[in-house]
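K.L.:
Structure provided below as structure tokens; questions to follow.
2 protein chains.
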Amino acid sequence: MKKIEIKKGQILQRKGDLNSKVYQVKSGLLRSYSIDEKGKEHIFMFASEGWIVADNVPPDSPCELFIDAIENSIVVEREKDFSKEREVQKFIKRLGVLQKRVIMLMSASAIERYEHFVDTYPDITQRVSQRMIASYLGITPEALSKVKGDRKQRQK
Amino acid sequence: MKKIEIKKGQILQRKGDLNSKVYQVKSGLLRSYSIDEKGKEHIFMFASEGWIVADNVPPDSPCELFIDAIENSIVVEREKDFSKEREVQKFIKRLGVLQKRVIMLMSASAIERYEHFVDTYPDITQRVSQRMIASYLGITPEALSKVKGDRKQRQK
DNA sequence: TCAAAATCTTAATCTACATTAATGCCTGTG
DNA sequence: CACAGGCATTAATGTAGATTAAGATTTTGA
Chain A
1 MKKIEIKKGQ
11 ILQRKGDLNS
21 KVYQVKSGLL
31 RSYSIDEKGK
41 EHIFMFASEG
51 WIVADNVPPD
61 SPCELFIDAI
71 ENSIVVEREK
81 DFSKEREVQK
91 FIKRLGVLQK
101 RVIMLMSASA
111 IERYEHFVDT
121 YPDITQRVSQ
131 RMIASYLGIT
141 PEALSKVKGD
151 RKQRQK
Chain B
157 MKKIEIKKGQ
167 ILQRKGDLNS
177 KVYQVKSGLL
187 RSYSIDEKGK
197 EHIFMFASEG
207 WIVADNVPPD
217 SPCELFIDAI
227 ENSIVVEREK
237 DFSKEREVQK
247 FIKRLGVLQK
257 RVIMLMSASA
267 IERYEHFVDT
277 YPDITQRVSQ
287 RMIASYLGIT
297 PEALSKVKGD
307 RKQRQK
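Quick look at the structure:
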């Protein structure tokens with residue numbers, strides 16, 4: 001259980017690595033993401049203070065995701081370990097978040113997904129680029145720009 | 157830990173219920189799904205022999221999903237319990253499946269998602285209607301029909 | 001501090017998938 | 001048996017969001 005300092009832009013994990021660790025964020029902001037065959041990045045999740053970032057695969061399987069720092073950050077590294085009640089609680093919470101994400105992706109439009117994101121993670125909305133929000137929502141930055149315009153119209 | 161028989165079409169859990177149980181499938185086939193504001197069903201997952209179906213929310217929160225039987229089935233009902241190693245293993249596996257699903261939904265086309273489904277769950281592909289496969293993939297039955305046609309063309 | 005690179009926005013065009021509708025096929029039920 | 005309701009397929013038309021392109025603004029780094 002050691003403390004690690006990660007500079008903005010530094011990569012903590014690559015797809016294909018063997019990595020049995022989870023990272024608890026003490027300060028800063030990280031992201032996990034995949035890169036598809038066309039070279040496009042898709043942000044899987046953000047992790048700010050208090051959250052855990054990790055690949056959700058068994059400890060002995062190769063990783064599916066990349067993890068890097070969006071801001072200079074400090075994380076605590078631990079082994080994946082489900083024997084402790086506290087750890088398990090966090091994983092249940094993560095499962096709930098993922099379930100909601102799948103339902104969102106299947107049933108909601110880009111506008112609805114954006115509004116849900118802003119409502120649920122107002123802090124993160126302020127700290128990341130439009131480009132990254134779009135990547136998390138599964139749309140292009142151009143489409144997100146349009147969504148925001150339409151949204152302002154609606155509010156009047 | 158009791159054994160329950162569920163007839164085809166019978167509902168085991170409704171959205172909004174309080175349900176601290178998980179169901180291990182002994183025989184048959186079940187599904188969990190959500191219904192959006194427009195009344196459209198979205199299949200979240202299928203569960204055949206050996207799998208577990210449950211809502212991935214904390215034991216004391218209201219459910220997000222419906223669960224019902226696609227075939228006459230027998231399940232074993234248990235409390236959500238993460239103190240046992242075996243249970244925890246299943247949950248890690250589920251987390252991995254969900255992670256892959258999110259990445260799929262964000263980065264793959266309807267054709268790619270269909271091929272992945274057929275490759276990964278060939279047994280289930282045989283046992284459910286096209287309508288349900290489409291619902292799982294997040295597309296309409298009409299679009300699925302087209303995808304399959306295009307696919308046959310490509311193979312020639 | 002200044003040039004190069006990355007980000008954001010707007011607009012035109014394109015495309016994958018949705019919607020609507022029509023037809024034939026099963027399947028269950030009075 | 002008959003026929004009513006659900007399922008699958010095909011085809012036409014519609015639309016959300018992708019792609020491409022161009023310009024304005026910010027960030028980066030030598």
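As they're listed, the protein sequences go chains A and B. Quick note on this note's numbering: the first sequence kicks off at 1 and runs consecutively. Quick note on this note's numbering: the second sequence kicks off at 157 and runs consecutively. Note that CB positions come from ideal geometry on N, CA and C, so glycine has one too. In this text the structure is predicted, and so the values were computed from the model without any measurement.
(1) Return the first residue and the last residue of the alpha helix (DSSP H) that Arg-131 (chain A) is part of.
(2) Determine, for Met-288 (chain B), whether the minimum Cβ-Cβ distance to residues of chain A falls below 8 Å.
(3) 8 Å is my cut-off, CB to CB: does Met-1 (chain A) come that close to chain B?
(4) Taking the CB atoms as reference points, tell me whether Lys-177 (chain B) and Lys-249 (chain B) lie closer together than 8 Å.
(5) Counting only beta-carbon atoms, is Arg-86 (chain A) nearer than 8 Å to chain B?
(6) Thinking C-beta only, is Lys-171 (chain B) closer than 8 Å to Glu-220 (chain B)?
(7) Since I believe Ser-263 (chain B) is in contact with Lys-40 (chain A) (beta carbons under 8 Å), could you give me their beta-carbon distance rounded to a whole number of angstroms?
(8) To which residues does DSSP link Ala-69 (chain A) through a beta bridge?
(9) How many Å lie between Asn-19 (chain A) and Val-53 (chain A) at the Cα?
(10) At the level of alpha carbons, what is the spacing between Trp-51 (chain A) and Lys-302 (chain B)?
(11) For chain A, is any of its Cβ atoms less than 8 Å away from the one on Pro-214 (chain B)?
(12) Scan the segment 105-118 of chain A for residues whose Cβ lies nearer than 9 Å to a Cβ of chain B and list them as they occur along the chain.
(13) Along the chain, where does the beta strand (DSSP E) containing Lys-158 (chain B) start, and where does it finish?
(14) Check whether chain A comes within 8 Å of Lys-177 (chain B), counting only Cβ atoms and requiring the distance to be less than that.
(15) Assuming contact is defined by CB atoms lying nearer than 8 Å, are Asn-228 (chain B) and Lys-163 (chain B) in contact in what I supplied?
(16) Look up Val-75 (chain A) in the DSSP assignment and give the residues it is bridged to.
(17) With 16 other CB atoms within 10 Å as the buried threshold, where does Gly-165 (chain B) fall?
(18) Name the residue from B:Leu-186, B:Asp-275 and B:Lys-304 whose alpha carbon lies nearest to the alpha carbon of Glu-205 (chain B).
(19) CB-CB under 8 Å to Val-57 (chain A), same chain, minus the five flanking residues each way: which ones, in chain order?
(20) So for Pro-165 (chain A), helix, strand or coil by DSSP?
(21) I want to verify the contact list: residues of chain A whose CB lies under 9 Å from the CB of Leu-251 (chain B), in sequence order.
(22) At what residues does the beta strand (DSSP E) containing Gln-169 (chain B) begin and finish?
(23) Quick one: what's got a C-beta closer than 7 Å to Lys-90 (chain A)'s C-beta in the same chain, skipping five residues either side?
(24) Which residues in the same chain have their Cβ closer than 6 Å to the Cβ of Ser-32 (chain A), if we skip the five residues on either side of it in sequence?
(25) Note down, one range per segment and in chain order, each alpha helix (DSSP H) of at least 4 residues found wholly within the segment 243-290 of chain B.
(26) Taking 8 Å as the threshold (C-beta atoms), are Leu-98 (chain A) and Leu-254 (chain B) in contact?
(27) Using C-beta distances below 7 Å, list every residue in its chain close to Glu-87 (chain A), excluding the 5 sequence neighbours before and after it, in chain order.
(28) Strictly by DSSP, which residues pair up with Phe-202 (chain B)?
(29) Taking just the CA atoms, how far does Ile-133 (chain A) sit from Glu-161 (chain B)?
P.N.:
So, from the listed chains and residues:
(1) Its alpha helix (DSSP H) spans residues 130-137.
(2) Judged by the 8 Å Cβ criterion, Met-288 (chain B) is not in contact with chain A.
(3) Closer than 8 Å: no.
(4) No.
(5) False, the Cβ-Cβ gap to chain B never drops below 8 Å.
(6) It is a contact, given that the beta carbons lie within the stated cut-off.
(7) Beta-carbon to beta-carbon, Lys-40 (chain A) and Ser-263 (chain B) are separated by about 7 Å, close enough to satisfy the 8 Å threshold.
(8) Note: Ala-69 (chain A) sits in a beta bridge opposite A:Leu-30.
(9) So the two alpha carbons sit approximately 12 Å from each other.
(10) Cα to Cα, Trp-51 (chain A) sits roughly 43 Å from Lys-302 (chain B).
(11) Closer than 8 Å to the CB of Pro-214 (chain B) there is at least one CB belonging to chain A.
(12) From the segment 105-118 of chain A, only Leu-105, Met-106, Ser-107 and Ala-108 have a Cβ closer than 9 Å to chain B.
(13) Where Lys-158 (chain B) is concerned, the enclosing beta strand (DSSP E) starts and stops at 158-162.
(14) So no, Lys-177 (chain B) is outside the interface.
(15) Yes, these two residues count as a Cβ contact at 8 Å.
(16) Under DSSP, Val-75 (chain A) shares a beta bridge with A:Ile-4 and A:Val-25.
(17) Sixteen is the threshold: since fewer than 16 other Cβ atoms of the shown chains lie within 10 Å of the Cβ of Gly-165 (chain B), the residue is exposed.
(18) Selected option, being the one with the closest Cα: B:Leu-186.
(19) Closer than 8 Å at Cβ, skipping near neighbours: Cys-63 and Glu-64.
(20) Here chain A covers residues 1 to 156 and nothing more, so residue 165 (chain A) does not appear.
(21) Against chain A, a Cβ distance below 9 Å from Leu-251 (chain B) picks out Asn-56, Val-57, Phe-91, Arg-94, Leu-95 and Leu-98.
(22) Start and end: 167-169.
(23) Same-chain partners within the cutoff: Ile-52.
(24) The beta carbon of Ser-32 (chain A) is closer than 6 Å to those of Phe-44, Met-45, Val-53, Leu-65 and Ile-67 in its chain, skipping five residues each way along the sequence.
(25) Within the segment 243-290 of chain B, complete alpha helix (DSSP H) segments of at least 4 residues are found at 266-276 and 278-283, given in chain order.
(26) A Cβ-Cβ contact shorter than 8 Å links Leu-254 (chain B) with Leu-98 (chain A).
(27) Listed in chain order, the non-local C-beta contacts of Glu-87 (chain A) below 7 Å within the same chain comprise Asp-81, local neighbours out to five positions each way being set aside.
(28) For Phe-202 (chain B), DSSP records a beta bridge to B:Arg-187.
(29) Their backbone Cα atoms lie some 46 Å apart in a straight line.
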